[in-house]
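Numbering (this note's numbering), first residue to last: 863 to 1022.
The beta carbon of each residue, even a glycine, is placed where N, CA and C say it ideally should be.
These figures come from a predicted structure and were not determined experimentally.
One structure is given below, encoded as structure tokens.
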């Protein structure tokens, strides 16, 4: 039981008064849906973005990237007082300046960063396999035996 029976009428009146006022959107200079394409747009005639062929990372590329990362991250002058983008740009520049990669196309900083993270992930897995093999060391095993066992565990646990 409502204490005010006219309460619902007031809301209906409010809705009707807003509809009657009319804002006049059809005469507005701003389109109702500004992101929609019009009928005469040339979407199908736009030229596709030219993509370059991917260049696989070679073992030499990986070695130069690792060297670049080590030399850049151990730089005592700059240290760790740099943003991620500047850090990876320095690595990409160091990578591109390597005489081992003369004549090859430069790698972007993001490409170097992505490849480094893949390498780092594999190194961490290898370290874990080595620690597991070292814990299972039996009497009479030397470092070569541990390394062989480590490599077996690493290649079994790492998909190609």
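ask   = Which term fits residue 975, buried or exposed, when burial requires 16 or more other beta carbons within 10 angstroms of its beta carbon?
value = Indexing the chain shown from 1 puts residue 975 at position 113. Under this definition residue 975 is a buried residue.
key: Three-way DSSP call (helix, strand, coil) for residue 1001 in this model   = Counting from 1 along the chain shown, the entry for residue 1001 is found at position 139. It is coil, neither helix nor strand.
ask   = Of the residues 1009, 977 and 931, which one's Cα is nearest the Cα of residue 989?
value = To locate residue 989, count along the chain shown from 1; it is residue 127. Taking only the C-alpha atoms, the option nearest residue 989 is 1009.
ask   = Taking just the CA atoms, how far does residue 982 sit from residue 998?
value = In the chain shown, the residue the question calls residue 998 occupies position 136. In the chain shown, the residue the question calls residue 982 occupies position 120. So the two alpha carbons sit approximately 25 Å from each other.
ask   = Does the distance from the CB of residue 969 to the CB of residue 954 come in under 7 Å?
value = If you number the chain shown from 1, residue 969 lands on position 107. If you number the chain shown from 1, residue 954 lands on position 92. Their beta carbons are under 7 Å apart, which means residue 969 touches residue 954 by this criterion.
query = Can you tell me whether DSSP reads residue 912 as helix, strand or coil?
reply = Here residue 912 is taken as the residue at index 50 of the chain shown, counted from 1. In the structure shown, residue 912 sits in coil (DSSP, three-state: anything other than H, G, I, E or B).
task = Flag this pair as yes or no: are the beta carbons of residue 922 and residue 987 separated by less than 7 Å?
result = Reading the chain shown from its first residue, position 60 is the one you call residue 922. Reading the chain shown from its first residue, position 125 is the one you call residue 987. Not in contact: residue 922 and residue 987 (Cβ atoms no closer than 7 Å).
ask   = From which residue to which residue does the alpha helix (DSSP H) around residue 926 run?
value = Numbered from its first residue, the chain shown carries residue 926 at position 64. Annotation for residue 926: the continuous alpha helix (DSSP H) segment containing it runs 921-935.
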